[in-house]
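Novice:
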Amino acid sequence: MEKSALVLGAGGFIGGHIANKLKKEGFWVRGVDVKHNEHQGLLVDDFVIGDLRDPRVVEKVIDRDFDELYQLAADMGGAGYIFTGENDANVMHNSALINMNVAHEATLRKVKKLFYSSSACMYPERNQLDPDNPNLAEDSAYPAEPDSEYGWEKLFSERLFLAFQRNYGLNVRIARFHNIFGPFGTWRGGKEKAPAAMCRKVAEAPDGGEIEIWGDGNQTRSFLYIDECLEGVRRLMDSDFIGPVNIGSDEMVSINQLAKYAMESSGKNLSFKHIAGPQGVRGRNSDNRLIKEKLNWAPNQPLKVGIAKTYKWIEDQLKSNV
Ligand code: NAD
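Here the sequence shown stands for residues 12 to 333, where the numbers follow the numbering used here.
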């Protein structure tokens with residue numbers, strides 16, 4: 012019989028990709044979001060526009076014992092959204108409500124397997140002060156000290172889903188995503204993250220011009236291309252490992268290096284101007300020991316390959332938007 016999947020947040024970047032992947036794999040797929048997916052056409056069988064903060068909407072969309080449920084809906088954005096402090100109440104309130112509604116209804120409806128996307132932002136700030144030696148092993152999460160309310164909400168919701176698993180047998184899988192990027196992601200408007208923002212700035216700049224970088228650019232991060240993220244999610248769902256497990260790249264680069272890759276993709280020659288701006292922690296990198304041990308797999312595509320593909324997509328968006 013055809014398997015069924017529900018993708019919450021299918022109007023978004025990762026949810027849209029997951030929904031299309033599941034459809035291609037032969038699932039019957041329902042997507043749900045407050046908005047349509049503005050960047051990629053969805054192949055889903057059913058798409059519901061609804062606000063998942065409302066328990067009546069969640070009751071309506073989780074109307075059967077789905078084989079797989081992917082909970083990706085969240086009030087989120089890049090550093091310009093998460094670290095300014097202006098959106099803290101919304102981020103915590105909106106995402107926590109969604110997760111509470113979903114955990115409750117998925118249990119009632121006996122959903123067979125549920126994926127929850129947590130984030131590297133839940134790791135303690137104290138382990139991410141040294142840009143060269145961050146510690147993001149899964150078991151370093153406690154004592155908790157995330158540097159943003161977004162991270163605290165993720166930590167709360169990880170625990171929420173794990174509690175439903177222990178008390179009610181909800182079959183969960185939890186991943187901590189580390190900076191996922193690629194085509195069809197948010198690339199302007201204030202919620203975009205560093206790789207897309209950098210590609211956009213480079214694409215907009217004239218050859219010989221200048222782009223702005225928040226901070227000194229020596230803060231480090233790793234970035235995972237969307238295709239490898241999808242493969243990690245699929246492997247986790249097919250495994251018996253509950254998680255939480257990091258799904259991220261361990262190719263750590265500085266933000267200046269990220270900007271250089273975007274510049275190389277463009278063929279332009281640009282200079283960087285460092286300005287004050289929200290930056291988050293000083294250093295972050297995915298620790299992939301656990302995923303290798305449990306799933307016998309880890310991502311390995313070089314960052315510059317993914318940046319080149321993303322740059323091309325953003326350049327095309329800009330051209331078609333003029
Ligand atoms: P996204 O913002 O593109 O997608 C999230 C979607 O949730 C959006 O389409 C949004 O409209 C929807 N949504 C928000 N509030 C809603 C509501 N009340 N009802 C219905 N839908 C609602 O983000 P994304 O990058 O695709 O991220 C997906 C998930 O992965 C999120 O939970 C995010 O926190 C997590 N995550 C992403 C990254 C990353 O680098 N992209 C990193 C770590 C964790």
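Here a beta-carbon is modelled for each residue, glycine too, at the ideal position from N, C-alpha and C.
Since the model is a prediction, treat every value here as computed from it, not as a measurement.
#1: Do Ser250 and Leu306 have their C-beta atoms within less than 8 Å of each other?
#2: Quick one: is the Cβ of Phe188 within less than 7 Å of any heavy atom of ligand 1?
#3: I'd like to know whether the C-beta atoms of His28 and Ile325 end up nearer to each other than 8 Å.
#4: Should Gln82 be labelled buried (16 or more other beta-carbon atoms within 10 Å of its own) or exposed?
#5: Between Lys123 and Asp86, is the Cβ-Cβ spacing less than 8 Å?
#6: For ligand 1, any of its heavy atoms closer than 7 Å to the Cβ of Ala208?
#7: At a cut-off of 7 Å, is Arg64 close to ligand 1 when judged by its beta-carbon and the heavy atoms of the ligand?
#8: At which residue ranges does the region 123-198 contain complete alpha helix (DSSP H) runs of 4 or more residues, listed in the order of the chain?
#9: For Asp227 and chain B, any beta-carbon pair shorter than 8 Å?
#10: Taking the DSSP output, what are the residues bridged to His104?
#11: How would you call Glu36, buried or exposed, if buried means at least 16 neighbouring beta carbons within 10 angstroms?
#12: Are the region 253-272 and the region 98-107 in contact at 8 Å, needing three or more beta carbon pairs?
#13: Just to confirm, are Gly89 and Lys202 a CB contact at a threshold of 8 Å?
#14: Taking the alpha carbon of Lys320 as the point to measure from, which residue in Gly219, Gly193, Pro206 has its own alpha carbon closest?
#15: Does the Cβ-Cβ distance between Glu136 and Val292 come in under 8 Å?
#16: Using CA coordinates, which residue listed in Asn178, Asn280, Gly317 is at the minimum distance from Glu221?
#17: Spell out a yes or no on whether the region 281-300 and the region 222-232 are touching, meaning 3 or more CB-CB pairs, one atom from each, closer than 8 Å.
#18: Below 7 Å, is the gap between the Cβ of Phe126 and the nearest heavy atom of ligand 1?
Specialist: Straight from the coordinates:
#1: Numbered from its first residue, the sequence shown carries residue 250 at position 239. Numbered from its first residue, the sequence shown carries residue 306 at position 295. The answer is yes: Cβ separation under 8 Å.
#2: Position 177 of the sequence shown, counting from 1, holds the residue named residue 188. Within the cutoff, so yes.
#3: Position 17 of the sequence shown, counted from the start, is the residue given in the question as residue 28. Position 314 of the sequence shown, counted from the start, is the residue given in the question as residue 325. It is not a contact, given that the beta carbons lie outside the stated cut-off.
#4: Here residue 82 refers to the residue found at position 71 of the sequence shown. Gln82 comes out buried.
#5: Residue 123 sits at position 112 when you count from the first residue of the sequence shown. Residue 86 sits at position 75 when you count from the first residue of the sequence shown. Contact: no.
#6: By one-based count along the sequence shown, residue 208 stands at place 197. No, Cβ of Ala208 sits at least 7 Å from all heavy atoms of ligand 1.
#7: Position 53 of the sequence shown, counted from the first residue, corresponds to residue 64. Arg64 Cβ: within cutoff of ligand 1.
#8: 160-179
#9: Here chain B cannot be found, since the structure has a single protein chain.
#10: On the sequence shown, residue 104 is found 93 positions in, with the first residue counted as 1. None; His104 has no bridge partner.
#11: As a working mapping, residue 36 is identified with position 25 in the sequence shown. Glu36 is exposed by the Cβ-count criterion.
#12: no
#13: Translated into the one-based positions of the sequence shown, residue 89 becomes position 78. Translated into the one-based positions of the sequence shown, residue 202 becomes position 191. In this structure, Gly89 sits near Lys202, with a CB-CB distance shorter than 8 Å.
#14: As a first step, residue 320 must be located in the sequence shown, where it is residue number 309. The shortest Cα separation from Lys320 among Gly219, Gly193, Pro206 belongs to Gly193.
#15: In the sequence shown, counting from the first residue as 1, residue 136 sits at position 125. In the sequence shown, counting from the first residue as 1, residue 292 sits at position 281. The answer is yes: Cβ separation under 8 Å.
#16: The residue given as residue 221 occupies position 210 in the sequence shown. The residue with the shortest Cα to Cα distance from Glu221 is Asn280.
#17: Contact between the region 281-300 and the region 222-232 is present, because at least three Cβ pairs lie under 8 Å.
#18: On the sequence shown, residue 126 is found 115 positions in, with the first residue counted as 1. Not under cutoff, so the answer is no.
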